[in-house]
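Let me begin by presenting the structure, written as structure tokens, before commenting on it.
Protein chains: 2
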Amino acid sequence: MRLATLDIEGRSQAAVETSRGFVGLPFSNVGDLLRVPRWREIAEQNLSGDVLVSISEATYLAVVTEPRKVICCGLNYRDHILETGRDLPSFPTLFTKYADSLAAPFAELSFGSESNEIDWEAELAVVVGAEVKNCSPEQAVSAIAGYTISNDISMRDWQRRTLQWFQGKAFDTSTPLGPVLVTPDECDPKAGLVITCHVNGEEMQHGNTSTLVFDSAALISYISRFTTLRPGDVILTGTPGGVGMAQTPPKFLRDGDVLVTSIEGIGELRNLISIHN
Amino acid sequence: MRLATLDIEGRSQAAVETSRGFVGLPFSNVGDLLRVPRWREIAEQNLSGDVLVSISEATYLAVVTEPRKVICCGLNYRDHILETGRDLPSFPTLFTKYADSLAAPFAELSFGSESNEIDWEAELAVVVGAEVKNCSPEQAVSAIAGYTISNDISMRDWQRRTLQWFQGKAFDTSTPLGPVLVTPDECDPKAGLVITCHVNGEEMQHGNTSTLVFDSAALISYISRFTTLRPGDVILTGTPGGVGMAQTPPKFLRDGDVLVTSIEGIGELRNLISIHN
């Protein structure tokens, strides 16, 4: 199944994608749907319902709008870590964003003059579908609601101001998320999905989710050892090589740039960057 | 005023302290009270109301139970930074916890075998009382609801596993918060409040809030440049010298230890540490 949170005449609504278009679900967003233990069954029962809006005319919101936790993993693509000469990590490097950090998948992303180094990071995001604490990687598999796309847009100047990256990672509306949540029966990142990031049509990042050091279940299991994860929580799994600060010379986003982030089998984010000084 | 979130026969309720005892307020916790713009007026109007419970018989919960954001500042006590030979920082070092990280001010704090290096960090916490984005330090002053006490209990082994401290800082129920929120008219950390931490009666930390590099208003203003702060959000302002990992040899909390965290004019947290392997 492919689930989305849509803007229907100014109102937020969860929906399930069918070959005929999006069918509405009786929840205001996908996060609220996931909080109902029978969410899969409810969504499946609605697959034959009336079409709410066609796919081409849908207005997408962030696929999950109010997660309690948005946890990000850094340094997680094996090929990228090895090419930089580092050893593979024993533990995932984790930091956080907020619900306020999220943005719609096709939103114009507006930034002020706070940062001069706005960079891209294409990432596979996994959305939690059950409450877990101290779960094994095997148990974590069944706690995965599905997968979506994000771009962990990072203010490198703020990120480097101190030892802790958080302040460069949690700018409001810096992180597009969506457009759809694809359930694991239709999407297998371990088998390998191509992930790319293009700026103004030029491919800047090209990776494969099969090279993640810590896969989605490993991350959920690890995080659950110190804190409870709940339905609708979001985990960003890290970015492959090719970010702007690693270019020679470094390259950052400018006013008017078009940022496209894609993952095979899920779709793409497309965001116009607007920088007003 | 001194506000608290109390457990009244298994139900959570906001209350205001009077010389007669706690008077109940029509909100389930202090965070919900703060979300009403007229919160000061409402609390003041209730000062003459009927006593709900005496101060000695009150059962305290975390003074704010469901903050959307809990942001912590590291390396913020001037005397402690200078004694370690470092320069004073230009920017605050920020990391995060969650509402799930919080605990009641007199709770027994139970930990499993995940960490062997459980350490203390006595901290002044400031609670936000208005929505702010891009505010000046002067505007931030009026967005302060009040001050309370926290202990940013840190799992040093997890904190040092990677470059990012978050995973050692966000263990569920690791951070007692309370017992009361004291409004700024009765509490001025800039003028200097003694902050201490005792383990089994031995003083381990002794600092003064007048030596904070970034005071509460400076932190609110800085954070508001990248993300929106809202009523009930909590900011931990950092810890003075004397943490366990800095002792020779390093000293960590053990099963049965009693941890007392106090700030002049606010009160104290008292937590029995329970470690079950």
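Protein chains in written order, with our numbering: chain A, 1119 to 1395; chain B, 1119 to 1395. For every residue, glycine included, the Cβ atom is placed at its ideal position computed from N, Cα and C.
Checklist line | the stretch 1279 to 1291 of chain B: positions lying closer than 7 Å to chain A by Cβ | finding: Closer than 7 Å at the C-beta level to chain A, one finds these residues of the stretch 1279 to 1291 of chain B: Arg1279, Thr1280, Leu1281, Gln1282, Trp1283, Phe1284, Gln1285, Ala1288, Phe1289 and Asp1290.
Check: With distances taken between CB atoms, is the gap from B/Ser1237 to B/Ser1272 smaller than 8 Å?
Finding: Counting from 1 along the second sequence, the entry for residue 1237 of chain B is found at position 119. Counting from 1 along the second sequence, the entry for residue 1272 of chain B is found at position 154. Correcting the residue type first, residue 1237 of chain B is Asp in the shown sequence and not Ser. Yes.
Next item on the list: Along the beta strand (DSSP E) that carries B/Arg1193, what are the first and last residues, could you check?
Entry: Here residue 1193 of chain B corresponds to residue number 75 of the second sequence, with the count starting at 1. Residue 1193 of chain B is actually Leu in this sequence, not Arg. Counting along the chain, B/Leu1193 falls outside any beta strand (DSSP E), and DSSP gives it neither H nor E.
Checklist line | Cβ neighbours of A/Thr1301 in the same chain (closer than 6 Å, five flanking residues each side left out) | finding: Counting from one through the first sequence, the residue named residue 1301 of chain A turns up at place 183. Excluding sequence neighbours, A/Thr1301 sits near Met1119 and Gly1264.
Notebook entry, point to check: Would B/Leu1179 pass as a contact of B/Asp1125 if the rule is Cβ separation under 8 Å?
Noted result: Along the second sequence, one-based indexing puts residue 1179 of chain B at 61. Along the second sequence, one-based indexing puts residue 1125 of chain B at 7. Remark: C-beta atoms of B/Leu1179 and B/Asp1125 approach each other more closely than 8 Å.
Item checked: Integer Cβ distance of A/Leu1151 from A/Ile1267, believed to fall under 8 Å -> Stepping through the first sequence from its first residue, residue 1151 of chain A is reached at position 33. Stepping through the first sequence from its first residue, residue 1267 of chain A is reached at position 149. Contact doesn't hold; Cβ gap of about 19 Å is too wide.
Margin query: Since A/Gly1350 and A/Val1246 should fall inside the 8 Å C-beta cutoff, what is the C-beta to C-beta distance between them, to a whole number of angstroms?
Written below: The residue you call residue 1350 of chain A lines up with position 232 of the first sequence. The residue you call residue 1246 of chain A lines up with position 128 of the first sequence. Under the criterion of beta carbons closer than 8 Å, A/Gly1350 and A/Val1246 qualify as touching, at roughly 7 Å.
Note to self: Counting beta carbon pairs with one atom in the stretch 1248 to 1259 of chain B and one in the stretch 1136 to 1151 of chain B, are three or more of them shorter than 8 Å?
What the structure shows: Contact between the stretch 1136 to 1151 of chain B and the stretch 1248 to 1259 of chain B is not established, with fewer than three Cβ pairs separated by less than 8 Å.
Notebook entry, point to check: Taking only runs of the beta strand (DSSP E) that begin and end inside the stretch 1185 to 1251 of chain A, which ones reach a length of at least 3 residues, in chain order?
Noted result: Listed in chain order, the complete beta strand (DSSP E) runs (minimum 3 residues) inside the stretch 1185 to 1251 of chain A are 1188 to 1192, 1211 to 1215, 1227 to 1229 and 1240 to 1246.
Notebook entry, point to check: Between A/Thr1329 and B/Arg1274, what straight-line distance do the alpha-carbon atoms span, to the nearest angstrom?
Noted result: As a position in the first sequence, residue 1329 of chain A is number 211, starting the count at 1. As a position in the second sequence, residue 1274 of chain B is number 156, starting the count at 1. Roughly 30 Å separates the two Cα atoms.
Item checked: Cβ of B/Trp1157 within 8 Å of any chain A Cβ -> Position 39 of the second sequence, counted from the first residue, corresponds to residue 1157 of chain B. Chain A contact via Cβ: absent.
Next item on the list: Spell out whether any CB of chain B is found under 8 Å from the CB atom of A/Thr1357.
Entry: Looking up residue 1357 of chain A in the first sequence gives position 239. Not an interface residue.
Check: By DSSP, does A/Ser1172 sit in helix, in strand, or in coil?
Finding: The residue labelled residue 1172 of chain A in the question sits at position 54 within the first sequence. In this structure, A/Ser1172 counts as coil in the three-state DSSP scheme.
Notebook entry, point to check: At what residues does the beta strand (DSSP E) containing A/Gly1385 begin and finish?
Noted result: Translated into positions along the first sequence, residue 1385 of chain A becomes position 267. For A/Gly1385, the enclosing beta strand (DSSP E) starts and ends at Gly1385 to Ile1393.
Margin query: Bridge partners for B/Ala1133 per DSSP, in chain order?
Written below: On the second sequence, residue 1133 of chain B is found 15 positions in, with the first residue counted as 1. B/Ala1133 is bridged to B/Ala1122 and B/Gly1142.
Check: From A/Trp1157, A/Lys1215 and A/Thr1177, pick the residue whose C-alpha is nearest to that of A/Ile1189; which is it?
Finding: Sequence index remark: in the first sequence, residue 1189 of chain A carries index 71 (1-based). When only C-alpha atoms are compared, the closest one is A/Lys1215.
Check: Comparing alpha-carbon positions, which option in A/Asp1290, A/Val1376, A/Glu1175 and A/Arg1279 lies nearest B/Leu1096?
Finding: Chain B is shown only over 1119 to 1395; residue 1096 of chain B falls outside these bounds and no answer can be derived.
Notebook entry, point to check: Starting from B/Gln1277 and walking both ways along the alpha helix (DSSP H), at which residues does that stretch end?
Noted result: In the second sequence, counting from the first residue as 1, residue 1277 of chain B sits at position 159. Taken as a continuous stretch (DSSP letters only), the alpha helix (DSSP H) holding B/Gln1277 covers Arg1274 to Gln1277.
Notebook entry, point to check: Is there a Cβ from chain C that is less than 8 Å from the Cβ of B/Arg1343?
Noted result: Note that chain C does not occur in the displayed structure, where the protein chains are A and B.
Note to self: Counting only Cβ pairs nearer than 7 Å, list the residues of chain B close to A/Thr1183.
What the structure shows: The residue given as residue 1183 of chain A occupies position 65 in the first sequence. Near A/Thr1183 there are no residues of chain B at all, since even the closest Cβ is about 13 Å away, more than 7 Å.
Next item on the list: Return the chain-ordered list of same chain residues with a C-beta closer than 8 Å to the C-beta of A/Thr1366, the five sequence neighbours on each side being excluded.
Entry: The sequence position of residue 1366 of chain A within the first sequence is 248, counting from 1. Closer than 8 Å at Cβ, skipping near neighbours: no residue.
Margin query: Excluding the 5 residues flanking A/Ser1339 on each side, which residues of the same chain have their C-beta closer than 7 Å to its C-beta?
Written below: Position 221 of the first sequence, counted from the first residue, corresponds to residue 1339 of chain A. Setting aside the 5 residues that flank it on each side, A/Ser1339 is surrounded in the same chain by Cys1253, Ser1254, Pro1255 and Ala1258, each with a C-beta closer than 7 Å to its C-beta; the list follows chain order.
Checklist line | Min CB distance A/Pro1276 to chain B below 8 Å | finding: In the first sequence, residue 1276 of chain A corresponds to position 158, counting from 1. The sequence shown places Trp at residue 1276 of chain A, rather than the Pro named in the question. By this cut-off, A/Trp1276 is an interface position.
Item checked: Chain-ordered chain B contacts of A/Asp1218 [CB-CB under 7 Å] -> Counting from 1 along the first sequence, the entry for residue 1218 of chain A is found at position 100. Result: Thr1345 and Thr1346.
Notebook entry, point to check: Going along chain B in order, which residues have a C-beta closer than 8 Å to the C-beta of A/Pro1207?
Noted result: Locating residue 1207 of chain A in the first sequence gives position 89, counting from the first residue. Using a Cβ-Cβ cut-off of 8 Å, A/Pro1207 is close to Thr1280 of chain B, given in chain order.
Next item on the list: Leaving aside the five residues before and after A/Val1250 along the sequence, list all residues of the same chain whose C-beta is less than 6 Å from its C-beta, in chain order.
Entry: For the purposes of this step, residue 1250 of chain A is taken as the residue at position 132 of the first sequence. Its chain contains Ala1261, Ser1342 and Leu1347 as the residues whose beta carbon lies nearer than 6 Å to that of A/Val1250, once the 5 sequence neighbours on both sides are disregarded; these appear in chain order.
Check: In its own chain, which residues sit with a C-beta less than 7 Å from the C-beta of B/Ser1228, not counting the 5 before and 5 after it?
Finding: The residue given as residue 1228 of chain B occupies position 110 in the second sequence. Here the set comprises Ser1392 and His1394.
Checklist line | Rounded Cβ spacing between B/Leu1281 and A/Thr1211 (contact assumed at less than 8 Å) | finding: Against the second sequence, residue 1281 of chain B aligns to sequence position 163. Against the first sequence, residue 1211 of chain A aligns to sequence position 93. Yes, they are in contact, since the Cβ atoms of B/Leu1281 and A/Thr1211 sit about 6 Å apart, within 8 Å.
Next item on the list: Can you give me the Cβ contacts of A/Pro1358 inside the same chain, cut-off strictly under 6 Å, excluding the 5 residues immediately before and after it?
Entry: To locate residue 1358 of chain A, count along the first sequence from 1; it is residue 240. Correct list, in chain order: Tyr1195, His1198, Gln1323 and Gly1325.
Notebook entry, point to check: Would you say A/Leu1212 faces chain B, with C-beta separation under 8 Å as the test?
Noted result: The residue you call residue 1212 of chain A lines up with position 94 of the first sequence. It does; some Cβ of chain B falls within 8 Å.
Notebook entry, point to check: Quick one, which residues of the stretch 1232 to 1249 of chain B are near chain A if we go by CB-CB under 7 Å, in chain order?
Noted result: So the close ones are Glu1232.
Check: Roughly how many angstroms separate the alpha carbons of A/Asp1168 and A/Gly1296, rounded to a whole number?
Finding: By 1-based counting over the first sequence, the position of residue 1168 of chain A is 50. By 1-based counting over the first sequence, the position of residue 1296 of chain A is 178. Pairing A/Asp1168 with A/Gly1296, the inter-Cα distance amounts to about 23 Å.
Checklist line | Beta-carbon proximity check, A/Val1148 vs A/Val1171, cutoff 8 Å | finding: Residue mapping note: residue 1148 of chain A aligns to position 30 of the first sequence, counting from 1. Residue mapping note: residue 1171 of chain A aligns to position 53 of the first sequence, counting from 1. Their beta carbons are not under 8 Å apart, which means A/Val1148 does not touch A/Val1171 by this criterion.
Notebook entry, point to check: What separation, rounded to the nearest whole angstrom, lies between the Cα atoms of B/Asn1269 and A/Glu1184?
Noted result: Taking the second sequence and counting its residues from 1, one reaches residue 1269 of chain B at position 151. Taking the first sequence and counting its residues from 1, one reaches residue 1184 of chain A at position 66. Cα-Cα distance, rounded: 28 Å.
Margin query: Below 7 Å on C-beta distance, what does B/Lys1187 contact in chain A?
Written below: Looking up residue 1187 of chain B in the second sequence gives position 69. Within 7 Å of the CB of B/Lys1187, the CB atoms of chain A belong to Tyr1216, in sequence order along the chain.
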